[in-house]
Amino acid sequence: MKSIIVLFVITSLISLDCIGQINIQQYKNNHSLTYENTISAYKKLDEKFEDGRLIEMGKADCGKPIYLFVIDPTKTFDKTSFKNRTVLMINNGIHPGEPCGIDASINFVNDLMNDSNFIRRMENLVIGIIPIYNVGGSLNRGCCSRANQNGPETYGFRGNARNLDLNRDFIKRDSENAKIFAKIFHFLDPDVLVDTHTSNGADYQHVMTLLTTQLDKLNPSLSDLCRTDLVPTLYEKMKETGYIMSPYVNTLQSIPDSGLYA
137 MKSIIVLFVI TSLISLDCIG QINIQQYKNN HSLTYENTIS AYKKLDEKFE
187 DGRLIEMGKA DCGKPIYLFV IDPTKTFDKT SFKNRTVLMI NNGIHPGEPC
237 GIDASINFVN DLMNDSNFIR RMENLVIGII PIYNVGGSLN RGCCSRANQN
287 GPETYGFRGN ARNLDLNRDF IKRDSENAKI FAKIFHFLDP DVLVDTHTSN
337 GADYQHVMTL LTTQLDKLNP SLSDLCRTDL VPTLYEKMKE TGYIMSPYVN
387 TLQSIPDSGL YA
């Protein structure tokens, strides 16, 4: 069941172009959403749908809020109501120069909550989405900090307001961002965490790449579940959509001929 739920998240189609006055498909014109655009869109979704709520979880290092958007058909939005239900957490914008997940999550929420089968799909599911985690980096927009990346015209910066790479701060928690992330994680207690990135301008021949957690470090039962069920099903279902997924890999040196590692 959990595998099927996550697959719906990945393969969901986009239906509507605008939320209020905000064009949420700016990526089609090689533009990315700003922090203000993103939060405004989620506020509109909060106002429109009783099943969704935008919650301010604390202030990032830059002084602006980190939000959590929760989709909960029980409309309680309380940790106690999440028990015995699958909880999916999606983290966006840890590197705001990689904005695909920011755009995709808004489109996904808009599509999901306008779906006539919403209640059936969400019967045993809670979804928590961080619209933009690295708020300071999102505000520091420019055109040229990511060599070889094909668009958008302007985007956020990798470092946060204190120039910390938040991808390296989950354990140290030097940033206020990381402390808030821990708060969100314990609030949701997710079964599945999706952390969205973009592949840094690498010339992949596939639209979607997947980097799973280190399976040898999981509890054996979870490791077996991922190896035999979850991961193979993700690849299979993506293939059925016509968008074959590839493992995310790095090169040993500067070119692929030097060898790859995952």
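The sequence shown begins at 137 in the working numbering and counts up one residue at a time. No residue lacks a Cβ here, since even glycine has one placed at the ideal position from N, Cα and C. The structure displayed is predicted, hence computed values, not measured ones.
Each residue's CA atom was taken as its position, placing Ile155 and Lys308 some 38 Å apart. The beta carbon of Lys211 sits closer than 7 Å to those of Glu186, Asp187, all from its chain and outside the five residues before and after it, given in chain order. Asp305 places its beta carbon less than 8 Å from that of Ala314. The beta-bridge partner set that DSSP reports for Cys154 consists of Asn159.
Taking 8 Å as the upper bound for CB-CB distance, Ile265 and Phe205 are in contact here, some 5 Å apart. Nearest neighbour of Leu275 by Cα position, chosen from Asp310, Ala283, Asn299, turns out to be Asn299. The shortest CA-to-CA distance from Gln161 to any of Gly229, Ile207, Asp247 is the one to Asp247.
In the DSSP annotation of this structure, the continuous segment of the alpha helix (DSSP H) that includes Gly272 starts and ends at 271 to 275. For the pair of segments examined, the segment 334 to 348 was found to touch the segment 367 to 384: the number of CB pairs separated by less than 8 Å reaches three. Its chain contains Asn166 as the residues whose beta carbon lies nearer than 6 Å to that of Gly287, once the 5 sequence neighbours on both sides are disregarded; these appear in chain order.
Of the candidates Lys200, Asn220, Ile191, the residue whose Cα lies closest to the Cα of Lys179 is Ile191. Contact between Asp331 and Asn227 holds: their C-beta atoms lie close to 5 Å from each other, under 8 Å.
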